[in-house]
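Student: Structure provided below as structure tokens; questions to follow.
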Amino acid sequence: MTINEIQEDIIEEFAGFEDWMDKYAYLIELGTDLSGLDEKYQTESNLIKGCQSKVWFNASLENGVVKLEADSDAIIVKGIAALLIRVFNNQTPEDIMNADLKFIDEIGLKQHLSPTRSNGLVSMVKQIKMYGIAFNHVSK
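Just so you know, full-length UniProt numbering puts 35 at position 35 of the sequence shown, and the rest follows in order with no gaps.
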């Protein structure tokens with residue numbers, strides 16, 4: 001699936017919830033389902049700066065696509081990371097670099113997060129885009 005197709009699925013899923021308490025519960029469920037990140041990758045260099053909570057991302061390039069994994073000490077943040085992984089995992093570096101993340105605004109995620117969590121979301125997206133840029137140079 002393309003990044004846009006995945007985003008459309010997420011928008012559709014969130015449209016099915018009545019209110020934001022249901023959406024938060026879904027984010028918690030996504031965070032609980034995320035397999036996490038091996039402790040050897042929970043390092044300072046993988047720590048996302050600008051997050052209130054601790055959140056780590058690890059990325060690798062395999063067969064031309066980016067593989068992402070993440071973990072956090074906060075379950076909502078872990079759920080947000082799970083959403084981002086769903087969108088970006090197994091995508092090419094170029095597609096990641098050029099992605100327009102419309103789902104974040106369309107599901108109302110940013111405006112329903114505290115300012116510090118919202119900053120953390122922006123930092124996570126920025127880091128994933130940086131992985132895309134770095135791996136794009138490696139793959140050429």
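A virtual CB, placed ideally from N, CA and C, is assigned to each residue, including glycine.
Ends of the beta strand (DSSP E) at residue 67?
Tutor: First-last of the beta strand (DSSP E) with residue 67: 65 to 72.
Student: Could you tell me whether the Cβ atoms of residue 59 and residue 124 are closer together than 8 Å?
Tutor: No, they are not a contact pair.
Student: Leaving out five residues on either side along the sequence, give the residues of the same chain with a beta carbon under 8 Å from the beta carbon of residue 85.
Tutor: Around residue 85: 34, 68, 69, 70.
Student: Any chance you could list the alpha helix (DSSP H) runs of at least 4 consecutive residues sitting entirely within the UniProt domain "Fe-S metabolism associated" (11 to 130), in chain order?
Tutor: Within the UniProt domain "Fe-S metabolism associated" (11 to 130), the complete alpha helix (DSSP H) runs of at least 4 residues are 20 to 33, 75 to 88, 93 to 98, 103 to 106.
Student: Indicate whether residue 65 and residue 90 have their beta-carbon atoms separated by less than 8 Å.
Tutor: The answer is yes: Cβ separation under 8 Å.
Student: Given residue 20, which residues of its chain have a CB within under 7 Å of its CB, disregarding the five upstream and five downstream residues?
Tutor: For residue 20, where only same-chain residues beyond five positions count, the Cβ hits under 7 Å are 112.
Student: Give the single residue among 122, 116, 29 whose Cα lies nearest to the Cα of residue 102.
Tutor: Nearest option by C-alpha distance: 122.
Student: Would you mind working out which of 41, 128, 133, 53 sits nearest residue 116, comparing C-alpha positions?
Tutor: Nearest option by C-alpha distance: 53.
Student: Alpha carbon to alpha carbon, what distance is there between residue 26 and residue 18?
Tutor: Taking the straight line from one Cα to the other gives about 12 Å.
Student: What distance in whole Å lies between the Cβ atoms of residue 6 and residue 87, which are believed to be in contact at a cut-off of 8 Å?
Tutor: That belief holds up - the Cβ atoms of residue 87 and residue 6 are roughly 5 Å apart, short of 8 Å.
Student: Spatial neighbours of residue 107 within its chain, please: CB distance less than 7 Å, with the 5 preceding and 5 following residues excluded, ordered by chain position.
Tutor: Answer for residue 107: 10, 11, 14, listed in chain order.
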